[in-house]
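Colleague:
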Amino acid sequence: MAAMLDNLPDEIARRRTFAIISHPDAGKTTLTEKFLLYGGAIQMAGQVRAKGESRRTRSDFMKMEQDRGISVSASAMSFDYGPYRFNLVDTPGHSDFSEDTYRTLTAVDAAVMVIDGAKGIESQTQKLFEVCRLRDLPILTFCNKMDRESRDTFEIIDEIQDSLAIDVTPASWPIGVGRDFIGCYDLLHDRLELMDRADRNKVAESISIEGLDDPLLEQHIPADLLEKLREEVEMVRALLPPLDAKSLLEGTLTPIWFGSAINSFGVKELMDGIAEYGPVPQPQAAEPRMMRPEEKKVAGFVFKVQANMDPKHRDRVAFVRIASGHFKRGMKLTHVRSKKVMAISNPVLFLAADRELAEEAWAGDIIGIPNHGQLRIGDTLTEGEALRVTGIPSFAPELLQTVRAGDPLKSKHLEKALMQFAEEGAAKVFKPMIGSGFIVGVVGALQFEVLASRIELEYGLPVRFEASQFTSARWVSGDKATVDKFVNENKGHMASDNDGDSVYLTRLQWDIDRVVRDYPDVNLTATKEMML
166 MAAMLDNLPD
176 EIARRRTFAI
186 ISHPDAGKTT
196 LTEKFLLYGG
206 AIQMAGQVRA
216 KGESRRTRSD
226 FMKMEQDRGI
236 SVSASAMSFD
246 YGPYRFNLVD
256 TPGHSDFSED
266 TYRTLTAVDA
276 AVMVIDGAKG
286 IESQTQKLFE
296 VCRLRDLPIL
306 TFCNKMDRES
316 RDTFEIIDEI
326 QDSLAIDVTP
336 ASWPIGVGRD
346 FIGCYDLLHD
356 RLELMDRADR
366 NKVAESISIE
376 GLDDPLLEQH
386 IPADLLEKLR
396 EEVEMVRALL
406 PPLDAKSLLE
416 GTLTPIWFGS
426 AINSFGVKEL
436 MDGIAEYGPV
446 PQPQAAEPRM
456 MRPEEKKVAG
466 FVFKVQANMD
476 PKHRDRVAFV
486 RIASGHFKRG
496 MKLTHVRSKK
506 VMAISNPVLF
516 LAADRELAEE
526 AWAGDIIGIP
536 NHGQLRIGDT
546 LTEGEALRVT
556 GIPSFAPELL
566 QTVRAGDPLK
576 SKHLEKALMQ
586 FAEEGAAKVF
596 KPMIGSGFIV
606 GVVGALQFEV
616 LASRIELEYG
626 LPVRFEASQF
636 TSARWVSGDK
646 ATVDKFVNEN
656 KGHMASDNDG
666 DSVYLTRLQW
676 DIDRVVRDYP
686 DVNLTATKEM
696 ML
């Protein structure tokens, strides 16, 4: 639950760290673009679906993302918006990459949920929302594509309330729909926002008015739409709860803005809402105690590892959320898992696809630390105290395939590539006890294609994925003697993951039931926390 923190240093209090979540195609990448445009981070938004070079969206840098127009890796971007510093973490909307998204949500203080005005709540939005709910993340909602045929506004709000069990309060109200959509009435500030369809990169025009009876309205809104607007707003004010900052921070109420990201409409109002109502950096759950943003000492944790961000350099960048203190470049931090001290000499800040050296960072910021594999997801960096961040999940894969190098002499290279992807969290890699080769586990089928294309692009290795006899994997735990006995008696099913932990590979539910029956002291789990 987000707390109101009063004693934060100004630099930390001005930060807003959030992720955008949505179903594929709801317009998340376009919205991200417009955020960067208004933050002055880019001069001209590259339309996602435009032709040729101009469609290379700034936040999608992996070749496959550019070819397919989907975001598969969560990138982080920082930019200033007025007196605020926004740290925006883009998440993959495609359901095959949900694990990456779950982990990303551990590193933010709020989520912006984007829904399509015609489709409402879709399956992936529902799944991601459940994760936000587990963490009590505050949610701000943007209903996109209002300039196309969309559903009745009250119907959209009812659906959000029913399917997500959260109260909804409109921050703005659309005027007209589809072709007749002319803009919104800003309910929070009594302003009329008019959309300019001619210039997609222009901020909407705002007209300040004195409530809905102001005669100025008649100059801008056709009579039939104005009458409908007055009726609907009266109903909204009678039936729906007002915006209450406390309920928003507790995650029980979401304000909703209406607009059209591709026409740059409604985006500025949403950004103002994030600035005004979004939470400041929050305490982070850890053992043996919470990390609090106002503490003087620096602490942070790795929530994502991205390999080969720059194909010319075999680098890995660990994305670190700073959880407390004021970080300065060159600082020496303790890597809690290995107890080694690391000098952080070239941390980077991300501005869309550009990186620059981060001279400093505060609690709430996300920095990238280039490294050669020392940093893994779930690792904690502190100024000496042994804190371990908790709650970063790793899920059992739902699809397993064996993988072989096209050239048998290159199997060592393949092992290196697979280990890199395993550390990045892009896939689970299991080495069976019996037989050669590797079994790769993923959450969605599209990930196999992404892996094959990345192994070929980044390592020059054509590979083949083939069906495996196994369908699922479970981590094995229990006291050492019991586990050793179990492993010896089930060698044909056993493998180890890239951390060296024992994994039981299953073909049918019957395999799991048999273990539960015959080995009551052995625990099989479908998740393991990414910490040591």
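In this note's numbering, the protein residues as written are 166 to 697. Glycine included, C-beta positions come from ideal geometry on N, C-alpha and C. As the structure is a prediction and not an experimental result, all values here were calculated from the model.
Could you spell out the range, first to last residue, of the alpha helix (DSSP H) harbouring Thr334?
Modeller: No alpha helix (DSSP H) holds Thr334; the beta strand (DSSP E) holding it covers Asp332 to Pro335.
Colleague: Run the CB neighbour count on Asp261, radius 10 Å, all protein chains shown included, and call it buried at 16 or more, exposed below.
Modeller: Unreliable positioning characterises Asp261 in this predicted model, as indicated by a pLDDT of 47, which lies under 50. The coordinate reading is nonetheless provided below. Per the 10 Å Cβ criterion, buried.
Colleague: For His578, does the three-state DSSP call read helix, strand or coil?
Modeller: Reduced to three states, the DSSP call for His578 is helix.
Colleague: From the DSSP output, in three-state form, read off Thr197 for me.
Modeller: Of the three classes helix, strand and coil, the one that applies to Thr197 here is helix, per DSSP.
Colleague: How many angstroms separate the CA atom of Leu418 from the CA atom of Phe468?
Modeller: C-alpha separation (whole angstroms): 27 Å.
Colleague: Measuring CB to CB, does Gly348 end up less than 7 Å from Lys310?
Modeller: Their beta carbons are not under 7 Å apart, which means Gly348 does not touch Lys310 by this criterion.
Colleague: Enumerate in chain order the residues of its own chain whose CB-to-CB distance from Pro562 is below 7 Å, with the five nearest sequence positions on each side excluded.
Modeller: Cβ within range, chain order: Lys593, Gly606, Val607, Val608 and Ala638.
Colleague: On the DSSP bridge list, what partners appear for Gly606?
Modeller: The partner list for Gly606 (beta bridge, DSSP) reads Leu565 and Lys593.
Colleague: Leaving out five residues before and five after Val398 in sequence, what residues of the same chain have Cβ atoms less than 8 Å from its Cβ?
Modeller: So the list reads Trp338, Tyr350, Leu352 and Leu377, once near-sequence residues are dropped.
Colleague: Decide if the segment 643-657 is in contact with the segment 609-620; the criterion is three or more beta carbon pairs, one per stretch, under 8 Å apart.
Modeller: No, the segment 643-657 does not touch the segment 609-620.
Colleague: Does Glu654 come out as helix, strand or coil in the three-state DSSP assignment?
Modeller: Three-state result, Glu654: helix.
Colleague: Which residue marks the beginning of the alpha helix (DSSP H) containing Leu435, and which one marks its end?
Modeller: That run of the alpha helix (DSSP H) goes Val432 to Tyr442.
Colleague: For Glu452, tell me which candidate among Ala551, Ile177, Gly625 and Ala570 has the shortest Cα-Cα distance.
Modeller: For the residues Ala551, Ile177, Gly625 and Ala570, the minimum Cα distance to Glu452 belongs to Ala551.
Colleague: Along the chain, which unbroken stretches of the alpha helix (DSSP H) at least 4 residues long are found entirely within the segment 383-440?
Modeller: Listed in chain order, they are 388-404 and 410-415.
Colleague: Please identify the residue among Gly285, Gln291, Pro248 and Tyr246 whose C-alpha is closest to the C-alpha of Tyr267.
Modeller: Comparing Cα positions, the closest option is Gln291.
Colleague: State the Cα-Cα distance for the pair Tyr203 and Gly443, rounded to the nearest angstrom.
Modeller: So the two alpha carbons sit approximately 18 Å from each other.
Colleague: Taking 8 Å as the cut-off, does the segment 561-576 touch the segment 453-468 (at least 3 CB pairs, one atom from each stretch)?
Modeller: At 8 Å Cβ cutoff, the stretches do not touch.
Colleague: Is Glu403 buried or exposed, if buried means 16 or more other CB atoms sit within 10 Å of its CB?
Modeller: It should be pointed out that residue 403 corresponds to Ala in this sequence rather than to Glu. Label assigned to Ala403: exposed.
Colleague: Put Ala276 into one of helix, strand or coil per three-state DSSP.
Modeller: Looking at Ala276 - three-state DSSP - the assignment turns out to be strand.
Colleague: If I follow the unbroken beta strand (DSSP E) through Leu673, where does it start and stop?
Modeller: Looking at the DSSP string, Leu673 is not in any beta strand (DSSP E), and its letter there is neither H nor E.
Colleague: Can you find the residues in the same chain that come closer than 6 Å, C-beta to C-beta, to Val628, ignoring five residues on each side of it along the sequence?
Modeller: The residues are Val568, Ala570, Ala617 and Ile620.
Colleague: If you compare alpha carbons, which of Ile322, Ser328 and Ile386 is closest to Met400?
Modeller: Met400 has its Cα closest to that of Ile322, out of Ile322, Ser328 and Ile386.
Colleague: Could you tell me whether the Cβ of Ser618 comes closer than 7 Å to any Cβ of chain B?
Modeller: The structure shown contains no chain B; it holds only a single protein chain.
Colleague: Can you give me the start and stop residues for the beta strand (DSSP E) that Ala184 sits inside?
Modeller: Arg180 to Ser187 is the span of the beta strand (DSSP E), which, as asked, contains Ala184.
Colleague: Might you give, ordered along the chain, the residues of its own chain that have their beta carbon closer than 7 Å to the beta carbon of Gln634, omitting 5 neighbours on each side?
Modeller: Contacts found: Arg672.
Colleague: With a 10 Å radius around its C-beta and 16 neighbouring C-beta atoms as the bar for buried, classify Glu358 as buried or exposed.
Modeller: Burial call: buried.
Colleague: Considering only residues of the same chain and omitting the five flanking positions on each side of Glu588, which have a CB-CB separation below 7 Å?
Modeller: These residues qualify, in order along the chain: Val470, Gly538, Arg541 and Asn663.
Colleague: Measuring CB to CB, does Phe307 end up less than 7 Å from Met360?
Modeller: Contact: no.
Colleague: Quick one: what does DSSP say Ala617 is sitting in, helix, strand or coil?
Modeller: DSSP places Ala617 in helix when its eight states are reduced to three.
Colleague: Do the CB positions of Gly549 and Thr182 come within less than 7 Å of each other?
Modeller: Contact flag unset, no.
Colleague: Identify the continuous beta strand (DSSP E) that holds Ser637 and give its terminal residues.
Modeller: That run of the beta strand (DSSP E) goes Ser637 to Ser642.
Colleague: Note down, in chain order, each residue of its chain lying with its Cβ closer than 7 Å to the Cβ of Leu382, except the 5 sequence neighbours on either side.
Modeller: Cβ neighbours of Leu382 beyond the five flanking positions: Leu357, Ile374 and Leu391.
Colleague: Nearest CA to the CA of Pro420: which residue from Ile534, Lys411 and Ala526?
Modeller: Out of Ile534, Lys411 and Ala526, Lys411 has the C-alpha closest to the C-alpha of Pro420.
Colleague: Please classify Leu201: is it buried, with 16 or more other beta-carbons within 10 angstroms of its beta-carbon, or exposed?
Modeller: Classification for Leu201: buried.
Colleague: With a threshold of 16 other CB atoms inside 10 Å of the CB of Thr690, please say whether the residue is buried or exposed.
Modeller: When all chains shown are included, Thr690 counts as exposed.
Colleague: Checking 7 Å against the spacing of the C-beta atoms, do Ala523 and Ile534 come in under that value?
Modeller: No, the Cβ-Cβ distance between Ala523 and Ile534 is not below 7 Å.
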